[in-house]
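Student:
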Amino acid sequence: MEKIIIATKNQGKIKEFQEMFGPKVEVKSLFDMEVKDIEETGETFKENAVIKAEAIVNAYHLPAIADDSGLEIDALHGRPGVYSARYAGEDKNDENNITKVLEELKQVPESDRSARFVCVMAAAFPGKETKTYRGTCEGQIAYSKKGTEGFGYDPIFFLPEKNATMAELSSEEKNAISHRHHALQKLVQNWNYIYG
180 MEKIIIATKN QGKIKEFQEM FGPKVEVKSL FDMEVKDIEE TGETFKENAV
230 IKAEAIVNAY HLPAIADDSG LEIDALHGRP GVYSARYAGE DKNDENNITK
280 VLEELKQVPE SDRSARFVCV MAAAFPGKET KTYRGTCEGQ IAYSKKGTEG
330 FGYDPIFFLP EKNATMAELS SEEKNAISHR HHALQKLVQN WNYIYG
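Counting in the numbering used here, the sequence shown runs without a single skipped number right up to 375 at its last residue.
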């Protein structure tokens, strides 16, 4: 049986990958490995994803998939970007991050509040070139929080076509349109090529 390591401790991501690969592949995660925290020193989502994936490959000589994701707001010149998780300070705090974004956009009209969630996945293999896949989900920043589902910036990320924030969608609805889903779809479509 083939093994692949997913560089995450997110149970939802682990389950998603296991369903994707099916019974022929044994999916391992960072819960199964003795891995020190991998420092994300890149300046882009792509760089951070590659750093994480290649660190796992170098340590265990097994295929690895890692992703980096975050929120880009056009009126803030792409911020918070790679700093999304710690935008309001070193301690990860969703509420503080949301408060900071809403404060920075207080005077910005609805027409200029465009934003996107971005996810870049890196697939790394022993002795092969690492491949990356980018997915996005377009929307805009709401004026206030709505919804209780999801995490991070979901309560202020408004999807005009759904007339709802990401936090007002069920996990199934969110997973079908998310930035992670789009990146994963590209990776799956190329899996035989990159693994073969």
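By construction, the Cβ of each residue, glycine as well, lies at the ideal position given by its N, Cα and C atoms.
Can you find the residues in the same chain that come closer than 6 Å, C-beta to C-beta, to residue 235, ignoring five residues on each side of it along the sequence?
Tutor: As a working note, residue 235 is residue 56 in the sequence shown. So the list reads 184, 186, 243, once near-sequence residues are dropped.
Student: Buried or exposed for residue 227, please, with buried defined as at least 16 other CB atoms from any protein chain shown within 10 angstroms of its CB.
Tutor: In the sequence shown, counting from the first residue as 1, residue 227 sits at position 48. Flag for residue 227 reads buried.
Student: I'd like the ranges of any alpha helix (DSSP H) spanning at least 4 consecutive residues and lying wholly in the region 241 to 296.
Tutor: 273 to 283
Student: Would you list the residues sitting across from residue 300 in a DSSP beta bridge?
Tutor: Numbered from 1 along the sequence shown, position 121 holds the residue referred to as residue 300. DSSP lists 246, 312 as partners of residue 300.
Student: Starting from residue 209, trace the beta strand (DSSP E) in both directions and tell me its first and last residue.
Tutor: Here residue 209 corresponds to residue number 30 of the sequence shown, with the count starting at 1. It is not in any beta strand (DSSP E) - residue 209 carries neither H nor E in the DSSP assignment.
Student: May I ask you to report which of helix, strand or coil DSSP gives residue 201?
Tutor: For the purposes of this step, residue 201 is taken as residue 22 along the sequence shown, with counting starting at 1. DSSP places residue 201 in helix when its eight states are reduced to three.
Student: Hey, would you say residue 362 sits closer than 8 Å to residue 246, going by beta carbons?
Tutor: Position 183 of the sequence shown, counted from the first residue, corresponds to residue 362. Position 67 of the sequence shown, counted from the first residue, corresponds to residue 246. For residue 362 and residue 246, yes; Cβs fall inside 8 Å.
Student: In three-state DSSP terms, what is residue 194?
Tutor: Residue mapping note: residue 194 aligns to position 15 of the sequence shown, counting from 1. Here residue 194 sits in helix by DSSP.
Student: Got a sec, what are the start and stop residues for the alpha helix (DSSP H) residue 356 sits in?
Tutor: Stepping through the sequence shown from its first residue, residue 356 is reached at position 177. Segment 350 to 356, the alpha helix (DSSP H) holding residue 356.
Student: Do residue 311 and residue 229 have their C-beta atoms closer together than 8 Å?
Tutor: The count along the sequence shown starts at 1 and reaches residue 311 at position 132. The count along the sequence shown starts at 1 and reaches residue 229 at position 50. Yes, Cβ-Cβ distance for residue 311 and residue 229 is below 8 Å.
Student: Could you tell me which of 203, 231, 223, 205 sits nearest to residue 214, measuring between CA atoms?
Tutor: Along the sequence shown, read from residue 1 onward, the residue named residue 214 stands at position 35. It is 231 whose Cα lies nearest to the Cα of residue 214.
Student: Rounded to the nearest angstrom, how far is the Cβ of residue 217 from that of residue 206, given a contact under 8 Å?
Tutor: Here residue 217 is taken as the residue at index 38 of the sequence shown, counted from 1. Here residue 206 is taken as the residue at index 27 of the sequence shown, counted from 1. No, residue 217 and residue 206 are not in contact; Cβ-Cβ is about 19 Å, not under 8 Å.
Student: Could you check the C-alpha separation between residue 195 and residue 248 for me, to the nearest Å?
Tutor: As a working note, residue 195 is residue 16 in the sequence shown. As a working note, residue 248 is residue 69 in the sequence shown. Straight-line Cα distance between these residues: approximately 16 Å.
Student: What are the boundary residues of the beta strand (DSSP E) that includes residue 235?
Tutor: Taking the first residue of the sequence shown as position 1, residue 235 is located at position 56. Unbroken run through residue 235 is the alpha helix (DSSP H), 224 to 239; no beta strand (DSSP E).
Student: With H, G and I counted as helix, E and B as strand and the rest as coil, what does DSSP make of residue 340?
Tutor: Position 161 of the sequence shown, counting from 1, holds the residue named residue 340. DSSP places residue 340 in coil when its eight states are reduced to three.
Student: What does a CB cutoff of less than 8 Å around residue 222 pick up in its chain, not counting 5 residues either side in sequence?
Tutor: The residue labelled residue 222 in the question sits at position 43 within the sequence shown. Around residue 222: 261.
Student: Kindly indicate if chain B contains any beta-carbon less than 8 Å away from that of residue 259.
Tutor: No chain B appears in this structure, which consists of one protein chain only.
Student: Classify residue 307 as helix, strand or coil using the three-state DSSP reduction.
Tutor: For the purposes of this step, residue 307 is taken as residue 128 along the sequence shown, with counting starting at 1. Reduced to three states, the DSSP call for residue 307 is coil.
Student: Ordered along the chain, which non-local residues of its own chain (more than five positions away) have a Cβ less than 7 Å from that of residue 287?
Tutor: Within the sequence shown, residue 287 is the residue found at index 108, counting from 1. The answer, listed in chain order, is 254.
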